[in-house]
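Here is the structure we will look at, set down as structure tokens.
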Amino acid sequence: MAGRFSRKKKTGASWLLGLVLMLLLLGAIALGAGWVLRAAKAVGAQHAQKEPEAAQQAAQEAPAVQKTEPDAAETTQADSAPDQTQTLPAEQKAEPARVRLMALGDNLIHNTVYWSAELPDGGYDFTSFYASIAPVVQSYDLACINQETILVSDPALYANYPSFGSPVQVADALAQTGFSVITGATNHCFDKGETGILDTCRYWREHYPEITTLGIHDSQQDAQTLRVVEKNGIRIAMLNYTYGLNGGAPGNSWMVDRFVTFDAVQDDLARAKEASDFVIVFAHWGEEGTFRPNDYERTWAQVLADGGADLIIGAHPHVVQPARILMAEDGREVPVFYSLGNFLSHQTSPENMLGGMASVTICMDDTGAYVEDYELLPTINLITKNPDTGWYNYAPMLLSDYTPELAATHHIPGCSVDAMQTLFDQITSGTAG
7 MAGRFSRKKK
17 TGASWLLGLV
27 LMLLLLGAIA
37 LGAGWVLRAA
47 KAVGAQHAQK
57 EPEAAQQAAQ
67 EAPAVQKTEP
77 DAAETTQADS
87 APDQTQTLPA
97 EQKAEPARVR
107 LMALGDNLIH
117 NTVYWSAELP
127 DGGYDFTSFY
137 ASIAPVVQSY
147 DLACINQETI
157 LVSDPALYAN
167 YPSFGSPVQV
177 ADALAQTGFS
187 VITGATNHCF
197 DKGETGILDT
207 CRYWREHYPE
217 ITTLGIHDSQ
227 QDAQTLRVVE
237 KNGIRIAMLN
247 YTYGLNGGAP
257 GNSWMVDRFV
267 TFDAVQDDLA
277 RAKEASDFVI
287 VFAHWGEEGT
297 FRPNDYERTW
307 AQVLADGGAD
317 LIIGAHPHVV
327 QPARILMAED
337 GREVPVFYSL
347 GNFLSHQTSP
357 ENMLGGMASV
367 TICMDDTGAY
377 VEDYELLPTI
387 NLITKNPDTG
397 WYNYAPMLLS
407 DYTPELAATH
417 HIPGCSVDAM
427 QTLFDQITSG
437 TAG
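For reference, each letter of the sequence shown is one residue, going 7 to 439 in this note's numbering.
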């Protein structure tokens, strides 16, 4: 170790003592053995007295350092002394913090969906539509869903494709099911103009302030407020962007978070990274009805990963697209779920009945926060028709809970268990379409 005082530096004093003894020996030959022996004894005694003083002075002048090896004398003494050392238990490392997160695809409220949820005495109750998925949702620390359609308070604004407007009671059902994060930046979020955005933001804030809403804003102050959720000691920042809007755009651009420029999004990511341990981006992008990510998705996914996103979850194509790992420019591995497809809807093709659920474990240890494991699980939107009323029941669930008996009741042909699993396997392997 640099600066360590070494016992080897004393060898110069031993050499000097030998020289003196030799000179004395020569003198003894000339003057007589008796006299020489007496002189040698005197010199030896004098040197023995001075050596401790020199060693003490050197020790005082040497810098204080930690010893890394014992002296020879210390080793001998330690070997001969009884062992009184007590073995201390090794310090146990703290268990890493973990957050289990799930995310589902589009909650796409067609008119048949809200008609089927209408109560006899007025109003709406969508809660039963989420009963099959509720235990799964409630088993996670954070549960996210993409609210594809905008919510409105005025029944006169309820509408179907292409300009959706959904009852605010949809929010009640999502809250009761256990969802904690709602993404709202979609191509349909401006279908009812600023009124829809104002109604939706106001309803969530007034009735469910504990739920995190992303992507749409009713004030500039809200738009500038970064969403950071702290769970199990991990601070998770969340961002949500859409590629565009149907039928125009708000005069106040801050009302909807959009993919506009790389620089603007990277600035958001830099702020999110500084304020959190982990960053998630929910992206509304891609081409409808395609099972593979397009150039737009791949380009933006790489920009997001390089900018600091740790996890990317996509929506919009209304069909599932695969999950992949991207390598960020700083060497991080970033999972990307390109599209989770539909969760609940009344689209009428089998591929629109198949959805995906992102299941992710976020871990934080002394190296930082990262994705410990992730999985894309298939879901199925079971639609059955009530023969008495002519309306429908919707029961989206994990495909693992979907039985041949349930499949036999599906309103949409071609949705057998095997057909859905085969399509999912083809999508995730990249061979579909």
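The C-beta atom is built at its ideal place from N, Cα and C for all residues, glycine as well.
Every value quoted in this text rests on a predicted model; they were computed, and no experiment measured them.
Looking at the DSSP output, P173 shares a beta bridge with V158. Of all C-beta pairs linking the stretch 202-214 to the stretch 156-171, three or more are shorter than 8 Å, placing the two stretches in contact. Inter-residue distance for R304 and G171 is about 31 Å (C-alpha atoms, whole angstroms). Your pair S138 and A375 does not check out as a contact, with CB atoms roughly 32 Å apart and the cut at 8 Å. Straight across, the Cα-Cα distance linking K279 with Q144 is about 28 Å. Taking each of G362, D301 and V377 in turn and checking the Cα distance to T434, the smallest one comes out for G362.
Residue environment: E357 is assigned as buried (16 or more neighbouring CB atoms within 10 Å of its CB, all protein chains considered). Put simply, of S422, D407, S406 and E294 the residue whose alpha carbon is nearest the alpha carbon of A413 is S422.
Unbroken alpha helix (DSSP H) runs of no fewer than 4 residues, entirely contained in the stretch 350-387, are found at 356-359, following chain order. Bridge partners of I240 according to DSSP: K237. Counting other Cβ atoms within 10 Å of its Cβ, L232 stays below 16 and is therefore classed as exposed. Put simply, of C195, D269 and T267 the residue whose alpha carbon is nearest the alpha carbon of G254 is C195.
If you draw a straight line from the Cα of V234 to the Cα of A191, it comes to about 17 Å.
When the alpha-carbon of R338 is set against those of A321, V285 and E293, the nearest one is in V285. In this model, A438 and V326 are separated by some 10 Å (Cα to Cα). For I386 and T248, the gap between their C-alpha atoms comes out near 25 Å. The stretch 289-325 is shown to contain whole alpha helix (DSSP H) runs of 4 or more residues at 301-313, in chain order. With a cutoff of 8 Å on beta-carbon distance, K237 and D178 are scored as not near each other.
Cβ-Cβ separation between L180 and I203: approximately 17 Å, too far for a contact (criterion under 8 Å). Taking 8 Å as the cut-off, the beta carbon of Q427 is found no closer than this to the beta carbon of L404. Sequence-distant partners of I240 (beyond 5 residues in either direction) whose C-beta falls short of 7 Å from its own C-beta, in its chain, are A103, V105, D283, F284, I368, M370 and A375.
About 17 Å separates the Cβ atoms of P341 and G292, ruling out a contact at the 8 Å cut-off. One thing to note: G129 has its Cβ within 8 Å of the Cβ of Q175. Going by beta carbons, G313 and V266 fall outside the 8 Å limit.
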